[in-house]
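Taking my numbering, the leading residue of the sequence shown gets 1, the next gets one more, and so forth. Just so you know, even glycine gets a beta-carbon here, dropped at the ideal spot from N, CA and C. The structure appears right after this line, and notes come after that.
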Amino acid sequence: MKKYREIKLMAIGLCLGVAIGILLGILIKHLDIGIGLGILVGVVIGHISTFRNN
Numbered sequence: 001m002k003k004y005r006e007i008k009l010m011a012i013g014l015c016l017g018v019a020i021g022i023l024l025g026i027l028i029k030h031l032d033i034g035i036g037l038g039i040l041v042g043v044v045i046g047h048i049s050t051f052r053n054n
């Protein structure tokens with residue numbers, strides 16, 4: 001059950017990161033760079049939330 005919760009937190013973090021990345025990509029007029037940065041931010045958010053809950 002704990003593994004499912006970690007995967008769920010990672011997925012939420014990744015979705016948030018992609019959303020942030022799309023907004024950032026629109027702002028800097030380079031959508032590919034924005035989505036890449038968003039995925040990176042999402043992975044970091046997911047890892048932080050996973051480690052914080054352990």
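Check: Quick one, are the C-beta atoms of glycine 38 and isoleucine 20 less than 9 Å apart?; Outcome: yes
Check: Which runs of the alpha helix (DSSP H) at least 4 residues long sit entirely within the stretch 8 to 40? Give them in chain order.; Outcome: none
Check: Is it the case that the CB of isoleucine 12 approaches a heavy atom of the ligand SAH more closely than 8 Å?; Outcome: As presented, the structure is devoid of all ligands, the ligand SAH included, so that no description of it is given.
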